[in-house]
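> Chains A and B, in that order, are what the protein sequence lines are.
In terms of the numbering used here, the first sequence opens at residue 31 and continues consecutively.
In terms of the numbering used here, the second sequence opens at residue 5 and continues consecutively.
Even glycine gets a Cβ: it sits at the ideal position worked out from N, Cα and C.
These figures come from a predicted structure and were not determined experimentally.
My questions will all concern the structure given below.
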Amino acid sequence: MSRPGFALEVDERTPPTLVRSASDVRLERFSLGTQIVYPPDGQAWGDAVSATAEALSAPLDGRSFAGRLWSGMRLTITFADISALTPPAGDDPRRVVVEQLLTTAAEAGVDDVVLIAATGLRRRLGPEDMRRLLGERVSRSFASDPRLTSHDASDDSGLVTIGESDGVQLRFNRRVVESDLVVHVSVVTSPEHAGWDEFISGLASAETIDLAYGWNGDPKPVREAVADRVDAMAVAVVLGQPSYHGPVRFLSAREWEWSIKDQAAYLTSRRALASAPVQAGRYLYAARPVAYPVLGVVAGPVDEVRDAAQATLTYEQCVTVKGAADVLVTGVPSVHAAAPDGDGSPLGAAWWVLHHAYGLGGATPIVRDGGAVIAFHPLGDRFSTRHHGAAADLIAEVLPEASDPAEIASRFLPRFAADPWYTDLYRQRGAYHPLHAFHQWFDLQPAIAAMGDIIFVGANRRTAEVMGFRAATTYADALEIASTRLGRRPAITYVRDAVGVQVAVS
Amino acid sequence: MTREFASWADPRHTSRPRPPSLHNPLKGFVRDVTLVGRSWRWGRGALRPGDVDRLPAQQRRAALPVPVRASLRDPFVGWLKRVKVEVTGLSSRSREARVALAHVESGADLAVLLESIPASWKVVTTRIPKALSQGRSVLVVTDFASAAASDVVAQAAQLASRYGRPVVPVVVRRLAVSPQAPSRLPTPRTVDEVLVRYGDEIRDENPVAVAQRAFDVVGDLLAEDDATWWQVVSGQVSSPLVRSMPAWRRLWERTDPDRDVARTQRRIWR
């Protein structure tokens, strides 16, 4: 059985609590009455193989995968990219699903099979990424073969028009549209995963993604056009909270359960990372796979699969806190959805805090309007400009000029999108698409509009100022800043680990 | 319109970067130790917060299982042991006892195999009948090529059928590197790459059928090496298991960079 998460109210006996700030780890003492949200423990080790076999033979609509295959058909398997599972899994469940899909297809005599990573505006995957996601068998079987590829949102020859909306041609991956059956494989660890939105944002053209999910975007016409043209089946693997083992067990263990070994490991890691170059921290976290418990596998129509997977996830992850907080506190791990390689930009860190962590409450925000967000991250300038070149330029050139999303969307976005330099970096050099950085900035706007103060502890003051945030040296200083607006005794909620948890406000 | 910033944070204001200073790795160490040791009681662990005492008893303590003995797949430990192990096909986390029937070619392969087998299988290599009846798994190894291999496989299948246990075929393939010459100077360590492939479980009451199926599955697992997994499952290649060749020759063929683009190129081929 998995151990459910819970909200701990800090009392005199509560030990200092772990906080992550990029690759740095620290212990912080929270004031009495602070609610600390602990995610569930990953204990329920499901069997991905049998669960996948069961789901494929009995999907939600009763149409088995094997029954939809015939010899000579065009089958395309699409799968969520590396951003969907952070930190990376030691044994990625997508491998199990894809292997079973391919085995069934081979038994049915299907030869025309293509595998496409639904990367959308995120960086396109290389051979090592494919191997990590799909395992040695599949990646080696299709290595150096156009049958295993990443979606290219700027490749005109690989895109086909499926409709029009607001004068913009809706274009989608050609192979997906022309296939007899498309199976989309998702891993579900947060509310954003699975469903048409993941499918579209991973396989449409850059202009179409911008129309659907950009500033004032509307995904509805795109959803309708895609659902009309693509015969899609979804397979979603629902995963629980990742658990660390060995020398980094302290990252996921609750502080009062730390053994002497955990304490020594914490002290050693903290000292070592304080002296080591920033790349050492990235290597420690980005290269270290963790184990995920498999909570279930669902297959069937895209919408139904998303609903069923998200219902399972919410049931397993939900932690109830007492009332909306005045102050939301959270750390930012080194590896997260906006930085799957552990080399994310300050924009990605802000996205993790103000989009992901701020949105953990779903329709009911964890923190009240006019409240404050305190996050731990250096917002440093030492990130991969190879992966995040457009984000670096957005911070250095665009944000000093304007921060209003509407102005940015009209003045700067078209220039970045049309710049062949960025397009070439995206298509050939493993960089994120320039629109990705803009969309991250747009995603922050609801939280920026709702919060009175957004404070980053230990942050670079210039970067924080440019992004419209405030920087504090210590957590106490951050509370001091927030107290001018919220008083001396604000209600504080600290989300210890924003991976694998959802928060319900009672 | 250009935004206005505080003077101390204006991004357009270029200041000279501070010269790098030496970092004292012990700075703050005492504070860290004090924080870690807070509410720690020797022999009884840390004090528990009051809210934890109000939780149901089964939720107070974590019982962290390690489902797969993955130490060798840890990049740091793997580097120390000069081996990079990739395990495929091992996704079932059932604790049921089984007969692991492994194809190994050397003692080093066997050592890696023993590390990759999940601890929950409680595998033993001696007193096999008793172990199977007690719910422990057993490991049987052979090279699947020598004259005695058929007997070994047949006996393993017989045991599995008698105790109603599944047979799990396993193949260990090692991309060994040539031994390094001893040197007084520190040299970069080369790392062995080992693939441990687990096949699907075989369940049948007929031991002859189990043995035959075991040969087929091991052949397919080996064929993945010489061809690819997709070519094997889609029936594009026949099993080359019976193709007898010395271990060095198989290694030579497997490391051909023209044959296998996905794999890291080894130095054997110049």
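What in chain A is Cβ-close to proline 303 of chain B, meaning under 7 Å?
Shown here, chain B extends from 5 to 274; a query on residue 303 of chain B therefore has no answer.
> Is the beta carbon of glycine 225 of chain A sitting closer than 8 Å to the one on alanine 183 of chain A?
no
> Give me the subset of the region 482–502 of chain A whose CB atoms are less than 7 Å from a CB atom of chain B, sorted by chain position.
Arg491, Arg492, Glu495 and Val496
> For chain B, find out if any of its Cβ atoms is closer than 8 Å to the Cβ of glutamate 431 of chain A; answer yes or no.
For glutamate 431 of chain A, the answer is yes, since a Cβ of chain B falls inside 8 Å of its Cβ.
> For aspartate 240 of chain A, which of helix, strand or coil comes out of DSSP?
DSSP places aspartate 240 of chain A in helix when its eight states are reduced to three.
> Just the C-alpha distance for proline 272 of chain A and arginine 7 of chain B, rounded to the nearest angstrom, thanks.
42 Å
> According to DSSP, simplified to helix, strand and coil, what is histidine 214 of chain A?
strand
> Could you give the distance in angstroms between the alpha-carbon of leucine 516 of chain A and the alpha-carbon of glycine 498 of chain A?
The alpha-carbon atoms of leucine 516 of chain A and glycine 498 of chain A are separated by roughly 19 Å.
> Please list, in chain order, the residues of the region 103–122 of chain A that have any C-beta partner in chain B closer than 7 Å.
So the list reads Gly120 and Asp121, given in the order they occur along the chain.
> Report the residue from A:Thr134, A:Val428, A:Ile107 and A:Asp121 whose alpha carbon sits nearest the alpha carbon of glutamate 84 of chain A.
The shortest CA-to-CA distance from glutamate 84 of chain A to any of A:Thr134, A:Val428, A:Ile107 and A:Asp121 is the one to A:Thr134.
> With threonine 100 of chain A and alanine 138 of chain A assumed to form a contact (beta carbons below 8 Å), what rounded beta-carbon distance in angstroms separates them?
Per the sequence presented here, residue 100 of chain A reads as tryptophan, with threonine not at that position. With 8 Å as the limit, tryptophan 100 of chain A and alanine 138 of chain A qualify as a contact, their Cβ atoms being about 7 Å apart.
> Going straight from the alpha carbon of glycine 419 of chain A to that of arginine 445 of chain A, what length do you get?
Spanning the two alpha carbons is a distance of roughly 15 Å.
> By how many angstroms is the C-alpha of arginine 59 of chain A removed from the C-alpha of threonine 38 of chain B?
12 Å
> Can you find a CB in chain A that lies within less than 8 Å of the CB of proline 211 of chain B?
Taking CB atoms only, proline 211 of chain B has no neighbour in chain A less than 8 Å away.
> Since arginine 202 of chain A and leucine 233 of chain A are thought to touch, with beta carbons under 8 Å apart, how far apart are those beta carbons, to the nearest angstrom?
The sequence shown places phenylalanine at residue 202 of chain A, not arginine. The Cβ separation is near 6 Å, so the contact holds.
> Does glycine 54 of chain B have its Cβ less than 8 Å from a Cβ in chain A?
It does; some Cβ of chain A falls within 8 Å.
> Do we get a CB-CB distance below 8 Å when we pair phenylalanine 36 of chain A with the residues of chain B?
Yes, its Cβ sits closer than 8 Å to a Cβ of chain B.
> For glycine 165 of chain A, go through chain B and note every residue whose CB falls closer than 7 Å to its CB, in chain order.
Thr92
> Taking the straight line between their C-alpha atoms, what separation do you get for glutamate 209 of chain B and glycine 168 of chain B?
7 Å
> Between aspartate 224 of chain B and chain A, is the shortest Cβ-Cβ distance under 8 Å, so that the two count as touching?
no
> Roughly how many whole angstroms lie between the Cα atoms of arginine 56 of chain A and alanine 316 of chain A?
19 Å
> Consider the Cβ of alanine 74 of chain A: report whether some Cβ of chain B lies at a distance smaller than 8 Å.
Residue confidence is low: alanine 74 of chain A scores 49 on pLDDT, short of 50, so the model does not pin down where it sits. No coordinate-derived value is stated.
> May I ask you to report which of helix, strand or coil DSSP gives threonine 38 of chain B?
Correct three-state label for threonine 38 of chain B: helix.
> Taking Cβ-Cβ distances shorter than 8 Å, what residues in chain A pair up with phenylalanine 33 of chain B?
Within chain A, the residues near phenylalanine 33 of chain B are Leu297 and Arg301.
> Counting only beta-carbon separations shorter than 8 Å, does phenylalanine 172 of chain A have a partner in chain B?
yes
> Going by the CB atoms, is the gap between serine 141 of chain B and tryptophan 125 of chain B shorter than 8 Å?
yes
> From the DSSP output, which residues share a beta bridge with arginine 201 of chain B?
B:Thr92 and B:Val175
> What does aspartate 36 of chain B reach in chain A if we use C-beta pairs closer than 9 Å?
Arg56, Leu57, Tyr296, Leu297, Arg300 and Arg301
> Cutting at 7 Å between CB atoms, please list the residues of its own chain near alanine 379 of chain A, excluding the five before and the five after it.
Val362, His407 and Leu409
> In whole angstroms, what separates the C-alpha of histidine 553 of chain A from that of valine 320 of chain A?
The requested residue 553 of chain A does not occur in the structure, where chain A is confined to residues 31 to 536.
> Going by the DSSP bridge assignment, what does proline 363 of chain A pair with across the sheet?
A:Ala52
> Does DSSP classify arginine 77 of chain B as helix, strand or coil?
Caution is warranted here: a pLDDT of 49 is assigned to arginine 77 of chain B, below 50, making its placement in the model unreliable, and the coordinate value is therefore given only provisionally. DSSP places arginine 77 of chain B in helix when its eight states are reduced to three.
> Grouping DSSP H, G and I as helix and E and B as strand, with all else coil, what is methionine 160 of chain A?
helix
> Would you call the region 341–356 of chain A and the region 370–384 of chain A in contact, with 3 or more CB pairs under 8 Å?
These segments do not touch.
> Is aspartate 507 of chain A helix, strand or coil when you go by DSSP?
Note: aspartate 507 of chain A maps to helix in three-state DSSP.
> Using 8 Å for Cβ pairs, my map puts valine 128 of chain A next to valine 207 of chain A. What's the rounded Cβ distance?
Incorrect: roughly 21 Å between the Cβ atoms, too far for contact.
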